[in-house]
Amino acid sequence: MKKILITFLMLFSSLSFAIEPQVGVNFDKTVQVVPTDNKDKIEIMELFWYGCIHCYQMDPMLSDWVKKLPKDIYFKRMPAIPRPDWAPMARAFYAMETLGVADKLHIAIFDAVHKDRTLNPSDEKAILQWVTLKSGLDRKKVEDAFNSFSMNASLNKAAQVFRASGATGVPTLMIDGKYITSSTMAGGNSEALQIADFIINNVRKDRNKK
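This is the structure in structure tokens:
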């Protein structure tokens with residue numbers, strides 16, 4: 006692991022960054038290795054919260070970046086739950102996935118919180134009502150998704166992953182369950198994606214040596 010981090014620093018030192026990347030400053034190892042869904046691919050996970058203005062601002066750039074990722078990489082989002090008042094939006098995220106409307110409502114729910122300012126990200130009743138109206142689905146079906154048998158397990162896992170990542174805020178990008186970076190750590194949104202690119206390249210090279 007130490008050898009890989011040294012390799013990162015040597016590669017980064019030859020690149021043009023606003024701030025020279027440093028372990029523990031611009032990127033870091035996760036507190037614990039987080040298992041990924043597919044060991045044959047490199048996983049990129051965004052830890053985020055719909056109530057976070059920085060996540061909202063980064064989302065368009067991140068979405069464009071994701072569209073250009075190579076086939077050996079896959080991207081997923083996971084709601085961050087560092088504290089109880091973030092749980093309602095995490096519940097909304099998983100409910101929308103269950104209902105099959107996550108792609109349709111992802112940007113819209115961000116807009117409702119930050120652009121229109123019509124939705125309180127900590128008000129679960131209001132969020133459930135919003136999802137019902139915007140999805141056009143039966144309220145009972147939406148309520149069932151919000152209170153499904155698997156919901157608590159999903160929320161608990163999200164909270165555990167956040168702790169294991171070592172993230173201190175959002176948005177945070179976790180690469181292959183082993184490294185994290187963020188706009189705060191990297192010095193900006195584009196810098197975070199740039200650092201993520203090079204971590205991906207080095208993880209790929211390390212895999213190819215095995």
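By the working numbering, the letter at position 162 of the sequence shown is numbered 167, and the numbering carries on one by one without gaps.
All residues carry an ideal CB built from backbone N, CA and C; glycine is no exception.
- By the beta-carbon neighbour count (other beta carbons within 10 angstroms, threshold 16), Asn31 is buried.
- The Cβ neighbour count for Leu110, taken over all protein chains shown within 10 Å, is at least 16; the residue is labelled buried.
- Between Ile200 and Thr189, the gap from beta carbon to beta carbon reaches 8 angstroms or more.
- The shortest C-alpha to C-alpha distance from Ile112 to any of Tyr184, Ile58, Gly29 and Arg144 is the one to Ile58.
- DSSP places Ile132 in the uninterrupted alpha helix (DSSP H) bounded by Glu129 to Ser140.
- Taking 8 angstroms as the cut-off, the Cβ atoms of Phe151 and Leu138 do not count as close.
- In this structure Thr177 is buried. Its beta-carbon is surrounded by 16 or more other beta-carbon atoms within 10 angstroms.
- Spanning the alpha carbons of Phe115 and Tyr61 requires a straight line of approximately 6 angstroms.
- By the neighbour-count definition (other C-beta atoms within 10 Å, threshold 16), Ser155 is an exposed residue.
- Where Phe151 is concerned, there is no enclosing beta strand (DSSP E), although the alpha helix (DSSP H) around it starts and stops at Arg144 to Phe151.
- Judged by DSSP in its simplified three-state form, Leu124 adopts coil rather than helix or strand.
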